[in-house]
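For the sequence shown, my numbering assigns the number 92 to the initial residue and increments by one for each residue that follows. Yeah, the Cβ is synthetic: ideal placement off N, Cα and C, and Gly gets one too. The next block holds one structure in the form of structure tokens; read it before the comments.
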Amino acid sequence: MKIISKTYVLIGILVAVALFNLFVLYNTQTSATNDSYAIIRAGDLKTKVETIASLASSIAGGNEDDRKSLENEIRDFDNVVDTLKNGGVIRGQAIPQLSPDLASDYDAVKQNWESYKKEASQIQVSSVHNPETVSALNYVLDKNTEMILTTSSLVKDLTELNRDYNRHKEIAKELHEITKTIGQDALLISIGRENDTRNNLHNAQLSFDVGIRNLLQVPLTGLDLSGTNLKAETLAPIPRENSKSLDQIDALWEAVSLRVKILEKNSLFSEEFSKSFSSLNKQRKSLLDSIDNMLDMWNENRLNKRNEGQLVIQAIIGVDIVIFIIVLFVIRKSLLPLQTITNALSRIKEGIYGEKIKYDS
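Given below as structure tokens:
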């Protein structure tokens, strides 16, 4: 083969090797970038879980505008979960199809998400409040100011009495403070803090019942006083001219206490909403844990792929070195005839003629 032809062939080999190297490096880099982006998008699912829980709490607080936002978040979560499995595009970035090695971890996320989504979707369409409880709450809050003013009047009415009525005065002051407590507890229930408040409200209602019955000299029948320091007390009757406020409180408390008992027993939220909201909060941890497990396995899988890619690149570099050595050897061999001719011309220049030039093509 002529030297020029060999040169073209060698150049072609070097170009082909370079193009192959670029192709392998490009695919490796692209795959690594897409995997990293897919992991980031999977990590974003944790944020969406918290966002959905936050929107559910906002709806529970009465923000009806967040129902549409909750619906959008549920749909976005679904789209991301499906794209992570089947591949596709998220925010303009290609997402590769999920590796079979991660199938079991993905299925765990999918299963937990379906349970979480069921409750979130129920919250999105359910009526938030229990009408009966809302009515009772509004009544208690509406009458609380009147209760406070009336108990304050009772305290003033008893101030004029002598020391034989000191215990009456103490009870009147207690009723005044209990009335304030009932109003505060009702406000806490209105903002969704009912679980922490119901027991306090029950204790306040029971204390008020005992106090007013003792002042009215009414038996404490029907009241469960076990576990409390409350008891019946024998008190002197309050003079009629000083008992007007007490009669008003008795009538007012009869109506208010019925509503307070409703607040003690029933949730402010509708049964359907309350059940879904409670279940959502319980399932949130399971979903977050399954996402964490999938991310851990995904990162481990990505590191294994990167190590395998490095081995492939090292192998390619080894092959490149071998090819380069072969090319150098071929070039050196191709240049040997030229060196022989050059030597022969040098000897002719020195005056030596008649030597035969040995040449192997």
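The region 197-216 makes no contact with the region 330-342: fewer than 3 CB pairs, one atom from each, lie closer than 8 Å. Distance from Q339 to T241 at the Cβ level is roughly 5 Å; contact confirmed, criterion being Cβ atoms closer than 8 Å.
A327 is the residue among L110, N203, A327 whose C-alpha sits nearest the C-alpha of L252. Only residues of its own chain outside the window of five on either side were considered, and among them S381, I382, M385 have a CB closer than 6 Å to the CB of V200, listed in chain order. Residue burial is scored here from C-beta neighbours: T288 has at least 16 other C-beta atoms within 10 angstroms and is therefore classed as buried.
Look at I282 here: in three-state DSSP terms it is coil, with no helix or strand label. With a threshold of 16 other beta carbon atoms within 10 Å, L349 falls short and is exposed.
Remark: C-beta atoms of I329 and L306 approach each other more closely than 8 Å.
Put simply, the backbone Cα of V351 is about 21 Å away from that of A151.
The three-state reading of DSSP puts G179 in strand, counting E and B together.
Under DSSP, Q184 takes part in a beta bridge, and its partners are I181. Residue pairing of F360 in beta bridges, as defined by DSSP: H220.
Annotation for L232: A277 place their beta carbon closer than 6 Å to its own, counting only its chain and skipping 5 residues before and after. Our two residues, F368 and L279, have alpha carbons roughly 18 Å apart in a direct line. Sequence-distant Cβ neighbours of D192 in its own chain, meaning closer than 7 Å and more than five residues away, are N392. DSSP, reduced to helix, strand and coil, places T288 outside both helices and strands of the structure shown, so it counts as coil.
Separation of the CB atoms of V140 and L371 is rounded to 10 Å, and the pair is thereby denied contact status at 8 Å. Taking C-beta separations shorter than 8 Å and ignoring five residues to either side along the sequence, the partners of K137 in its chain run L379, I382, D383, following chain order.
When DSSP states are grouped into helix, strand and coil, Q308 belongs to the coil group. Ranking K260, I262, G274, L189 by CA distance to the CA of A227 puts G274 first.
Straight-line spacing of the CA atoms in R166 and S127 works out to 23 Å. Look at K373 here: in three-state DSSP terms it is helix. By the criterion of a C-beta distance shorter than 7 Å, K264 is surrounded in its chain by V246, once the five residues flanking it on both sides are discounted. The DSSP-derived three-state label of P330 is coil. In the three-state reduction of the DSSP assignment, A147 falls in the helix class, which pools H, G and I.
In the displayed model, T272 falls within a helix according to three-state DSSP. For S226, the three-state secondary structure derived from DSSP is helix. Residues of the same chain with a CB within less than 8 Å of the CB of S243, apart from the 5 flanking positions on each side, are H267 in chain order. Excluding residues up to 5 positions away in sequence, Q215 lie with their Cβ nearer than 7 Å to the Cβ of E162 in the same chain. Remark: C-beta atoms of S218 and F364 approach each other more closely than 8 Å.
Put simply, of L189, D173, D135 the residue whose alpha carbon is nearest the alpha carbon of M388 is L189. Looking from the CA of S145, the closest CA among I408, R375, N229 belongs to R375.
The three-state secondary structure of A323, taken from DSSP, is coil. D169 counts as exposed, since fewer than 16 other C-beta atoms from the protein chains shown sit within 10 angstroms of its C-beta. From the listed residues I143, G183, N291, T142, the smallest Cα separation to K271 is found for N291.
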